[in-house]
Structure formats: structure tokens, C-alpha cells
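Below is one structure, written out as C-alpha cells, with a few remarks after it.
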Amino acid sequence: MFGQLIIEGLAIGACYGLFGIAVVMIYKTSEVVNFSQGEMAMVSTFIAYHILTYYHCPFWFAFIMTMVFAVLLGIVIEFAFLRPAKNPSTLGLIVITLGAEMLLMGIAGWKWGAEQKEFELPVSYQMTHEPIEGVVISDWAIGIFISAAFIMVVLYFFFKYTKLGVAMRATQQNQNAAKIMGIRVERVFSFAWGFSSLIGAVAAMFFASRATLDPNFMMEPFMRAFAAAVLGGLMSIPGVILGGGLMGLIENFFGYFWPEWKPIVAFVIIILVLCIRPSGLFAKHYLKKV
Amino acid sequence: MKRDYYEDIQLFKSGTILFWSLTFMIFLFTIPLYATDYYIFLLNMIMVHVILAVGLNILVGYTGQISLGHAGFYAIGAYGTALLMMHLQLPFFVALVLSAFIAAAFGFLLGLPALRLEGPYLAIATLGFGLTVMHVIGRWDLFGGRMGIKTPPMDIGLPGANYSYVLSSERGMFYLILMITVFMVIAARNIMNTRVGRSFVAIRDSDIAAEVIGVNLTLFKTLAFSISAFYAGIAGGLFGFVLGFFDPFTFNLILSIIFLVMVVVGGLGSIPGSIAGAVVITYLQYDLLKNVSEMPYIGEFLVNISNRWFTVVGLENFNSIALGLIMIAIIIFEPLGIYGIWIRIKKYWMAWPF
Chain A
1 MFGQLIIEGL
11 AIGACYGLFG
21 IAVVMIYKTS
31 EVVNFSQGEM
41 AMVSTFIAYH
51 ILTYYHCPFW
61 FAFIMTMVFA
71 VLLGIVIEFA
81 FLRPAKNPST
91 LGLIVITLGA
101 EMLLMGIAGW
111 KWGAEQKEFE
121 LPVSYQMTHE
131 PIEGVVISDW
141 AIGIFISAAF
151 IMVVLYFFFK
161 YTKLGVAMRA
171 TQQNQNAAKI
181 MGIRVERVFS
191 FAWGFSSLIG
201 AVAAMFFASR
211 ATLDPNFMME
221 PFMRAFAAAV
231 LGGLMSIPGV
241 ILGGGLMGLI
251 ENFFGYFWPE
261 WKPIVAFVII
271 ILVLCIRPSG
281 LFAKHYLKKV
Chain B
291 MKRDYYEDIQ
301 LFKSGTILFW
311 SLTFMIFLFT
321 IPLYATDYYI
331 FLLNMIMVHV
341 ILAVGLNILV
351 GYTGQISLGH
361 AGFYAIGAYG
371 TALLMMHLQL
381 PFFVALVLSA
391 FIAAAFGFLL
401 GLPALRLEGP
411 YLAIATLGFG
421 LTVMHVIGRW
431 DLFGGRMGIK
441 TPPMDIGLPG
451 ANYSYVLSSE
461 RGMFYLILMI
471 TVFMVIAARN
481 IMNTRVGRSF
491 VAIRDSDIAA
501 EVIGVNLTLF
511 KTLAFSISAF
521 YAGIAGGLFG
531 FVLGFFDPFT
541 FNLILSIIFL
551 VMVVVGGLGS
561 IPGSIAGAVV
571 ITYLQYDLLK
581 NVSEMPYIGE
591 FLVNISNRWF
601 TVVGLENFNS
611 IALGLIMIAI
621 IIFEPLGIYG
631 IWIRIKKYWM
641 AWPF
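Below you can see the structure in the form of C-alpha cells.
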């Protein structure tokens with residue numbers, strides 16, 4: 001029983017972590033908390049759904065088209081909404097991304113309606129294996145573990161060895177210094193938004209195949225993923241994966257014993273953790289310099 | 291040019307302002323003579339949101355703390371007032387003020403983590419608070435569960451002492467809500483002119499500098515949350531009676547976002563601004579964008595677009611699109627909101643020929 005809960009918790013935790021990476025990616029480079037992340041991913045998933053249902057294309061084609069769309073969507077939102085704002089405050093940035101969230105949610109509701117739809121991945125939630133007695137693991141869980149691990153490895157090498165990855169780290173540390181060194185900071189931001197939108201879209205497909213697809217379906221997962229990212233400190237990618245795993249485990253165990261309070265456990269944990277460690281569990285707390 | 295402290299804190303800075311304020315008040319008090327019931331309902335809703343927006347502006351605009359959880363305080367006010375009246379048979383005003391104080395107590399509790407948090411961390415903590423309140427209310431049978439509750443008749447007399455005076459019509463409620471709104475707005479205006487209000491502004495501008503000059507951060511940050519929650523509680527209590535029926539999902543995250551939009555669109559750190567923001571956004575939400583297909587000029591055009599590329603059933607989502615665009619546009623083009631536009635117009639005309 002416990003093994004089962006752990007596997008399930010880790011699988012959903014990996015999903016939160018994967019989506020959390022998307023949040024962290026943008027926050028790390030541009031210090032914007034992207035509240036529209038969930039809705040960007042939701043619209044991308046709807047594109048995949050649309051291609052699959054109305055044009056009956058094979059899944060790999062729909063997947064590639066969705067990824068292309070997700071990248072473009074991220075770049076367009078950054079270019080159209082965030083770049084024109086002159087010296088926005090933290091609140092201003094939050095309001096812009098919340099506005100983008102409402103906008104995308106409205107467009108999706110207008111185009112696809114509010115009713116819930118089924119979205120199927122090749123890795124189904126129903127297909128299960130039982131490697132050890134009493135522990136059941138679904139294809140879906142295996143899929144999310146592999147995807148999360150793959151993206152983690154790619155990101156590790158990307159940030160460590162590629163020119164663009166180093167430029168992104170430099171931008172995060174000091175924007176002005178990065179500009180002086182010849183980095184085009186705006187391009188780095190565009191890239192971060194595109195990449196993050198792509199990762200978010202992958203995670204959202206997993207969420208959609210586990211639940212249903214409707215214009216609101218990413219709101220709750222986004223909160224959890226954001227909470228996981230805050231647990232991990234909003235800055236480090238290993239931190240957010242750990243935070244996601246922790247969040248998934250706690251939620252799953254709590255949901256097993258007290259199912260009626262499952263929806264709020266994430267937020268209670270978040271508030272408690274933030275009271276004790278204001279910068280998350282795995283991040284160093286920097287004091288603000290005056 | 292101010293020469294004296296009392297000139298700075300007086301309510302009406304000049305005779306002109308006094309005159310126009312009085313004219314405006316007379317106008318407001320005579321509205322029920324010529325407006326239809328529907329517009330009275332809309333005005334009631336607007337005034338409820340004015341109270342809330344003014345309270346939220348004290349927190350967001352003046353103290354500089356982000357809150358995405360005000361729907362939670364609003365819900366506490368609404369449920370508190372209705373339940374205290376239904377189960378304990380308290381008089382309306384006692385129930386309203388008591389539930390606002392309950393909301394303020396929750397505001398104090400939420401203010402405690404806020405002492406150590408800022409920016410995005412505070413946003414997620416308050417957001418979590420709002421969602422937690424919504425879910426707890428939805429699960430608890432005392433609160434009517436998911437079905438929601440119907441508010442009792444709005445009895446402003448003393449039900450225990452056999453003296454009851456029920457405000458049953460929109461018009462009756464209008465005067466009560468108007469008086470509460472005017473009182474709350476003037477109270478907010480005066481709070482901002484006291485030591486407390488000035489401390490809030492100091493905290494917004496730089497909390498470390500404020501602490502250095504002797505502002506007690508613990509006290510004033512939690513106080514800002516409490517005052518703001520108190521306003522939200524009063525607004526929520528009135529909201530329940532204006533609507534007559536509500537369920538837990540009325541108080542969702544979108545509502546918190548809409549509250550924040552009111553403040554941002556109106557103008558951060560200005561009370562006239564928050565009034566303007568509440569009026570504009572409530573009007574858009576409850577009137578103009580309610581039936582998108584019947585909107586003047588662009589309604590038909592939107593229906594055509596829907597038939598061609600989108601779905602007609604989903605057209606109501608245009609509401610959300612419009613709100614999103616307003617939010618983005620206001621930050622990009624006019625970060626000070628409606629109040630900023632007003633200031634610019636005023637400056638232009640004051641120096642007109644030049």
C-alpha cells in the first residue's frame with residue numbers, strides 16, 4: 001500500500017516538478033512570476049487536441065506541431081506584453097501575466113467551449129504493470145518519469161555547456177553586466193519564454209491525459225507546481241524537482257487519509273514553509289541590500 | 291501651498307471641492323427617483339465593490355503588499371454576516387461589524403507570514419489563503435456546503451426586541467449601502483492622513499528605511515492587512531444581501547484577480563482612483579460584457595467572428611478576454627491607472643495655454 005502511494009505520489013510530483021521547471025525557467029532569467037504559465041500550456045494542449053480530433057493526424061505529428069506552437073506562444077507573449085512595459089514593478093509584472101492568463105483562458109473558452117474533453121496520450125493511465133508484488137505502476141507514470149529525467153538532463157547540459165545556457169545564467173546574475181558583455185538580453189528572455197512554454201506544454205499533456213481537458217484544467221496543477229517551485233526556492237532546477245516530489249508525496253499520503261482536505265493541503269504546506277523559511281527549503285536566503 | 295498641518299489633513303481642501311462633493315452627494319441620494327430597479331442593483335454592486343477596492347488599495351497601493359486572496363476575506367464577510375443573522379439572530383449591524391472583525395482577525399493572521407515575505411512569495415501565500423477559505427467553506431455543512439446559502443431578509447431593526455424594519459427592495463438597500471460606503475471611504479481617507487496611514491506609505495516606499503525612522507513593521511504590516519480585511523469583510527457582508535444568494539465558488543481566484551484589477555485600473559495609492567476602478571470594472575463585468583452579443587456596435591461583429599472561427603456558446607468568454615487586455619494595457623500604457631489619466635488632464639488644463 002505504501003509503495004503504491006509513494007509511486008503515485010512521485011509520479012504526480014514529477015509532473016508538478018516538470019511544470020515547476022517551466023515557472024522557474026522564466027523566474028530565473030527575467031524575475032517575472034508567470035501566472036499565465038498554466039494557461040499557455042492549456043492552450044498548447046488544446047492545439048494538440050484539435051489536431052488529433054479534427055485532422056486525425058498521428059500523435060507524433062500533433063506533438064511536434066504543439067511544441068512549435070508552444071514555443072511561438074511563449075515568444076509572442078513575452079514580445080507583445082512584457083517587453084513594452086517600461087520599468088514595471090513586481091505588482092505590474094504580476095498583473096500583466098494575470099492579464100495574459102485571463103486572455104488565454106477567454107480565447108480557449110471561446111474556441112473550444114467549457115465542456116470537458118478527453119485527451120489521450122500514447123502512454124495511458126489505464127495500462128499498468130506490476131513489477132513487485134503489490135506495487136502497480138502505470139504507463140503514464142513511466143512516461144512522466146522518463147520525460148522529467150530527460151528534460152532534467154538536457155537542461156543540465158544546456159546550462160552548463162552551451163553558449164545560450166551560459167548567457168541565460170549570466171542574465172540571471174546581473175542583467176547590466178550581461179549586456180556589457182555583449183549578450184542580447186531581450187533575446188535571452190524570448191528564448192527563456194519559448195523554452196519554458198515548451199516544457200509547460202509537455203507537462204500539461206500529462207496532466208490532461210490524467211484528468212480531463214477544459215479551459216480551467218491547468219489552474220489547480222499550476223498552483224501546485226508553483227507551490228512546488230516555491231518549496232524549492234524558485235531559483236534552482238534540482239530544487240523544484242525535489243519540491244515537486246515532496247509536494248506529490250505529501251498530497252498523495254494526505255489525500256489517502258483525509259481525502260476531503262486534499263485540495264488545500266498544498267497551500268497550507270506552502271504558507272507554513274514560507275513562515276519558517278521565506279525563500280523555500282532548498283535555497284539560500286539572501287538578505288536585501290539597501 | 292500648504293502653510294499649516296491642518297490644511298494638509300482637512301477633508302475638503304477648498305470650497306470648490308466642498309461644493310462639488312455636496313452636489314455629487316445630492317445627485318447620489320436622488321438617483322432612486324429616476325433610475326430603474328436594474329440600475330439600482332448595479333449601483334449597489336458598484337458601491338459594495340467600491341468599499342472593497344478602497345480597502346484593497348490601502349493594502350496594495352498604500353502599503354505595497356500584494357494580495358491575491360481578498361476573495362477569501364470577502365467570503366468570510368458574506369458568510370459571517372448571513373450565518374450570524376440566521377443562527378444567532380443577531381441584528382444586521384452587529385452581524386456585519388462582527389463578521390468584518392472576524393475577517394480582520396484572519397487578515398492579522400495572514401499578515402504574520404507577510405512580515406517575512408515579499409513579491410511573488412507573498413502573492414502565492416495570499417493566493418493559497420484565498421483558495422483555502424473557498425475550499426473549507428465548500429466542505430463544511432454549517433456553511434451550506436457546495437449548494438450555497440440564501441441570505442435572510444435584510445432587517446435593520448432589532449429582531450430580538452420585536453422591532454423589525456426589513457429593507458426588501460433594491461431602493462431600500464441603496465440608501466443603507468450608500469451611507470456605509472460614504473462612511474467607509476471618508477474613514478479610509480482619514481486613516482491615510484494619520485500616523486498609521488503615513489507609516490503605511492513609508493513601508494511601501496522602503497520598509498527598511500521606515501524601520502530605521504521608527505515605524506514598527508510588525509505592527510503596521512499586520513495592521514494594514516487587518517484594515518484591508520475589515521473593509522473586505524464589510525463589503526462581503528453587503529454583497530451577500532445585494533445578490534441574495536451565493537455559493538463557495540463565487541469566491542474563486544478569478545474574483546480575487548478582478549479585485550486586484552479594480553485597484554490597478556483605478557490607480558494604485560489613490561482613493562478616488564479605487565472608486566473609479568471599482569465603478570468601471572463592475573460596470574464592465576455586470577452590465578456591458580454580460581451579454582456580449584447585444585453589445586452596441588461590436589456585438590454583431592463578434593457574433594459573426596464566433597460563427598466563422600469560434601463557437602457562439604463560448605462568446606461569453608469575451609468578458610475574460612476584455613478584462614485581460616485591459617489589465618495588460620493599463621500596465622503598459624498608464625501604470626497609474628485612471629487616476630494617472632485624471633492627473634495628466636488636470637495638469638494640462640491648469641497650465642493650459644502653455
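Protein chains in written order, with the numbering used here: chain A, 1 to 290; chain B, 291 to 644.
Beta carbons are placed, not taken as given, at the ideal position from N, Cα and C, and that holds for glycine.
ask   = Based on Cα-Cα distance, which residue from B:V475, B:G557, B:K580 lies nearest to R634 (chain B)?
value = Mapped onto the second sequence, residue 634 (chain B) falls at position 344. For R634 (chain B), the nearest C-alpha among the options comes from B:G557.
ask   = What residue from A:L164, A:N87, A:F35, A:F59 has the CA that sits closest to T45 (chain A)'s CA?
value = One-based indexing of the first sequence puts residue 45 (chain A) at position 45. Comparing Cα positions, the closest option is A:F59.
query = Relative to the alpha-carbon of I517 (chain B), which residue among B:E297, B:I299, B:N347, B:K303 has its alpha-carbon at the smallest distance?
reply = Locating residue 517 (chain B) in the second sequence gives position 227, where the first residue counts as 1. Checked all of B:E297, B:I299, B:N347, B:K303; the closest Cα to I517 (chain B) is B:N347.
inquiry  = For S190 (chain A), report the span of its alpha helix (DSSP H) as first-last.
reply    = Reading the first sequence from its first residue, position 190 is the one you call residue 190 (chain A). Segment 185–210, the alpha helix (DSSP H) holding S190 (chain A).
task = Could you please tell me which residues of the stretch 487–506 of chain B, in chain order, have their CB closer than 7 Å to any CB of chain A?
result = I498
ask   = Taking DSSP as the reference, what is the three-state secondary structure of E130 (chain A)?
value = Within the first sequence, numbered from 1, the residue matching residue 130 (chain A) stands at position 130. Correct three-state label for E130 (chain A): strand.
key: Neighbourhood of G604 (chain B) by C-beta distance below 8 Å, restricted to the same chain and skipping five residues each side   = Within the second sequence, numbered from 1, the residue matching residue 604 (chain B) stands at position 314. So the qualifying residues of the chain are S596.
inquiry  = Using a Cβ-Cβ cutoff of less than 7 Å, which residues in the same chain neighbour M219 (chain A) once the five nearest sequence positions on both sides are dropped?
reply    = To locate residue 219 (chain A), count along the first sequence from 1; it is residue 219. The residues are G38.
ask   = Going by DSSP, which residues form a beta bridge with I439 (chain B)?
value = As a working note, residue 439 (chain B) is residue 149 in the second sequence. Bridge partners of I439 (chain B): B:F536.
message = Taking the beta carbon of Y587 (chain B) as the centre, do at least 16 other beta carbons fall within 10 Å, making it buried, or is it exposed?
response = Position 297 of the second sequence, counted from the first residue, corresponds to residue 587 (chain B). Result: exposed.
key: Close beta carbons around N334 (chain B), own chain, < 7 Å, minus the five adjacent residues each side   = Working through the second sequence from its first residue, we reach residue 334 (chain B) at position 44. These residues qualify, in order along the chain: E460, M463, F464, I467, V532.
ask   = Within the 8 Å Cβ cut-off, does T90 (chain A) reach chain B?
value = In the first sequence, counting from the first residue as 1, residue 90 (chain A) sits at position 90. So, interface residue.
inquiry  = I need the boundaries of the alpha helix (DSSP H) containing S138 (chain A), first residue and last residue.
reply    = Looking up residue 138 (chain A) in the first sequence gives position 138. Note, S138 (chain A): premise wrong, no alpha helix (DSSP H); beta strand (DSSP E) at 135–138.
message = Distance check for A85 (chain A) and A177 (chain A), CA to CA, integer angstroms please.
response = Within the first sequence, the letter at position 177 stands for residue 177 (chain A). Within the first sequence, the letter at position 85 stands for residue 85 (chain A). Taking the straight line from one Cα to the other gives about 21 Å.
inquiry  = I'd like to know if A85 (chain A) contacts chain B, where contact means its C-beta is closer than 8 Å to some C-beta of that chain.
reply    = Translated into the one-based positions of the first sequence, residue 85 (chain A) becomes position 85. Yes, its Cβ sits closer than 8 Å to a Cβ of chain B.
request  = Compare the C-beta of R634 (chain B) with all C-beta atoms of chain A and state if any pair is closer than 8 Å.
outcome  = One-based indexing of the second sequence puts residue 634 (chain B) at position 344. With 8 Å as the cut-off, R634 (chain B) does not count as an interface residue toward chain A.
key: Cross-strand partners of K117 (chain A) (DSSP beta bridge)   = Residue mapping note: residue 117 (chain A) aligns to position 117 of the first sequence, counting from 1. Bridge partners of K117 (chain A): A:L213.
query = Between D537 (chain B) and G434 (chain B), what straight-line distance do the alpha-carbon atoms span, to the nearest angstrom?
reply = Taking the second sequence and counting its residues from 1, the one referred to as residue 537 (chain B) is at position 247. Taking the second sequence and counting its residues from 1, the one referred to as residue 434 (chain B) is at position 144. D537 (chain B) and G434 (chain B): Cα-Cα distance of roughly 8 Å.
task = Identify each residue in the stretch 254–276 of chain A for which the Cβ-Cβ distance to at least one residue of chain B is less than 8 Å, and report them in chain order.
result = E260, W261, P263, I264, A266, F267, V268, I270, I271, L274, C275
task = Work out the CA separation of E260 (chain A) and A478 (chain B) for me, nearest whole Å.
result = Here the question's residue 478 (chain B) lines up with position 188 in the second sequence. Here the question's residue 260 (chain A) lines up with position 260 in the first sequence. For A478 (chain B) and E260 (chain A), the distance between alpha carbons rounds to 40 Å.
key: The alpha helix (DSSP H) enclosing D495 (chain B), as first and last residue numbers   = Position 205 of the second sequence holds residue 495 (chain B). Looking at the DSSP string, the run of the alpha helix (DSSP H) that includes D495 (chain B) is 485–495.
task = Spell out a yes or no on whether the stretch 511–525 of chain B and the stretch 575–584 of chain B are touching, meaning 3 or more CB-CB pairs, one atom from each, closer than 8 Å.
result = no
8 Å CB neighbourhood of F331 (chain B) in its chain, flanking five on each side removed = Stepping through the second sequence from its first residue, residue 331 (chain B) is reached at position 41. E460, V532.
ask   = In chain order, what residues of the same chain lie with their CB nearer than 7 Å to the CB of I51 (chain A), ignoring the 5 residues before and after it?
value = As a working mapping, residue 51 (chain A) is identified with position 51 in the first sequence. Counting only Cβ-Cβ distances below 7 Å, and skipping sequence neighbours, we find C57, A62, M65.
query = Using the beta-carbon count (16 or more within 10 Å), is G504 (chain B) buried or exposed?
reply = Numbered from its first residue, the second sequence carries residue 504 (chain B) at position 214. Exposed, because fewer than 16 other Cβ atoms sit within 10 Å of the Cβ of G504 (chain B).
request  = List the endpoints of the continuous alpha helix (DSSP H) containing A394 (chain B).
outcome  = Along the second sequence, one-based indexing puts residue 394 (chain B) at 104. Where A394 (chain B) is concerned, the enclosing alpha helix (DSSP H) stretches over 382–404.
ask   = For P84 (chain A), which three-state DSSP category applies?
value = Indexing the first sequence from 1 puts residue 84 (chain A) at position 84. Reduced to three states, the DSSP call for P84 (chain A) is coil.
ask   = So, helix, strand or coil for V258 (chain A), using DSSP?
value = What you label residue 258 (chain A) is simply residue 258 of the first sequence in a count that begins at 1. It is Trp, not Val, that sits at residue 258 (chain A) in the sequence shown. Three-state DSSP puts W258 (chain A) in coil, outside helix and strand.
query = In three-state DSSP terms, what is C275 (chain A)?
reply = Translated into positions along the first sequence, residue 275 (chain A) becomes position 275. Helix, per DSSP.
Supposed contact pair I414 (chain B) and F226 (chain A) - C-beta distance, whole angstroms, cut 8 Å = Here residue 226 (chain A) refers to the residue found at position 226 when the first sequence is read from its first residue. Here residue 414 (chain B) refers to the residue found at position 124 when the second sequence is read from its first residue. That belief holds up - the Cβ atoms of F226 (chain A) and I414 (chain B) are roughly 6 Å apart, short of 8 Å.
inquiry  = Using a Cβ distance threshold of 8 Å, determine whether the stretch 205–225 of chain A contacts the stretch 113–131 of chain A, with at least three qualifying pairs required.
reply    = yes
request  = Could you check how far apart the C-beta atoms of I146 (chain A) and F206 (chain A) are, in whole angstroms? I think they sit under 8 Å.
outcome  = The residue you call residue 146 (chain A) lines up with position 146 of the first sequence. The residue you call residue 206 (chain A) lines up with position 206 of the first sequence. That belief does not hold up - the Cβ atoms of I146 (chain A) and F206 (chain A) are roughly 11 Å apart, past 8 Å.
Host alpha helix (DSSP H) of V15 (chain A) (start-end) = For the purposes of this step, residue 15 (chain A) is identified with residue 15 of the first sequence, where counting begins at 1. Before going further, note that residue 15 (chain A) is Cys rather than Val in the sequence given. Here the alpha helix (DSSP H) through C15 (chain A) covers 2–30.
query = What are the boundary residues of the alpha helix (DSSP H) that N334 (chain B) is part of?
reply = Taking the first residue of the second sequence as position 1, residue 334 (chain B) is located at position 44. Note, N334 (chain B): alpha helix (DSSP H), 327–347.
message = Quick check: the Cα distance between S279 (chain A) and W639 (chain B), rounded to an integer number of angstroms?
response = Within the first sequence, the letter at position 279 stands for residue 279 (chain A). Within the second sequence, the letter at position 349 stands for residue 639 (chain B). So the two alpha carbons sit approximately 49 Å from each other.
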